[in-house]
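See structure below.
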Amino acid sequence: ETGVTQSPTHLIKTRGQQVTLRCSSQSGHNTVSWYQQALGQGPQFIFQYYREEENGRGNFPPRFSGLQFPNYSSELNVNALELDDSALYLCASSSGQGDRNEQFFGPGTRLTVL
Amino acid sequence: AQSVTQLDSQVPVFEEAPVELRCNYSSSVSVYLFWYVQYPNQGLQLLLKYLSGSTLVKGINGFEAEFNKSQTSFHLRKPSVHISDTAEYFCAVSKNTNAGKSTFGDGTTLTVKP
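Sequence order for the protein chains is A and B.
For the first sequence, the working numbering gives the first residue as 1, with consecutive numbering after it.
For the second sequence, the working numbering gives the first residue as 1001, with consecutive numbering after it.
This is the structure in structure tokens:
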């Protein structure tokens, strides 16, 4: 069983640019959540995708957008990058609802905005 | 709205000593509670969760936590720590049993010294 994978591992961008981060969910999982983890802080919920539809969003501006594909992999897009967007971006996948399920995290993508 | 406060940002402890990492939460609705561990350059791994039933929950690596509804706390404990327990620990709450759309605390750095 393959776990959650993310690409790229590291990324350096300049202010104003756009970035796309990718996440492959664990086999059998149809739900992907994205989190932003700034240095020294806990992860903050960005949004969740369930069966290709957005299923909840945290307190992030519209320049943070996402997609989920038919194979349940997902992308996080950030437009007009700002210095404060520098963070570790984590995705987590789960198999929908049910108390026997849990979300499994990928290793993250570290984004640096200069 | 819900929030999580981890009362200690850093906890140094000697090997084989007991440890307690404190977590308080607030929420206007019923929530489920989770503890995660994050090793350097890795994603988060679920240690344990409280969904219902017994207020004392046991997790992996010898950790346990006690849910206290009256004090809105969910403290994590281990009777004897190892060097390998050195990591960042996060407490989280969610309205979903699979921890989707979680709200996280800012983390506690546990450092186990020989």
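Virtual Cβ for every residue (Gly too), placed ideally from N, Cα, C.
With a threshold of 7 Å between beta carbons, P107 of chain A makes contact with chain B. Under DSSP, the beta-bridge partners assigned to Y1025 of chain B are B:V1004. G42, P43, Q44, F45, Q48, G56, G58: these are the residues of the region 42 to 62 of chain A whose beta carbon lies less than 8 Å from some beta carbon of chain B, given in chain order.
G56 of chain A carries a strand assignment under DSSP once its states are collapsed to helix, strand and coil. Taking a Cβ-Cβ threshold of 7 Å, the residues of chain A close to A1099 of chain B are E102, Q103, in chain order.
Pairing T31 of chain A with Y50 of chain A gives a Cβ-Cβ distance under 7 Å. Taking C-beta atoms under 8 Å as the contact rule, T1108 of chain B and Q1042 of chain B fail to qualify, at a distance of about 17 Å.
Counting along the chain, A1087 of chain B sits inside the beta strand (DSSP E) bounded by residues 1087 to 1094. Those residues of the region 1042 to 1073 of chain B placed with their C-beta closer than 9 Å to a C-beta in chain A are Q1042, G1043, L1044, Q1045, L1046, K1049, L1051, S1052, ordered along the chain. Taking all protein chains shown into account, F1014 of chain B has fewer than 16 neighbouring C-beta atoms within 10 Å of its C-beta and is therefore exposed. Any Cβ of chain A closer than 7 Å to the Cβ of D1106 of chain B would place that residue at the interface, and such an atom is present. With a threshold of 7 Å between beta carbons, F1014 of chain B makes no contact with chain A.
Look at S27 of chain A: its C-beta is not under 7 Å from any C-beta on chain B. Only T31, S33 from the region 5 to 33 of chain A bring a Cβ to less than 7 Å from some Cβ of chain B. Each residue's CA atom was taken as its position, placing N1068 of chain B and V1093 of chain B some 14 Å apart. Taking the CA atoms as reference points, L81 of chain A sits about 15 Å from T109 of chain A. Following the DSSP letters along the chain, one finds P1012 of chain B inside the beta strand (DSSP E) bounded by residues 1010 to 1014.
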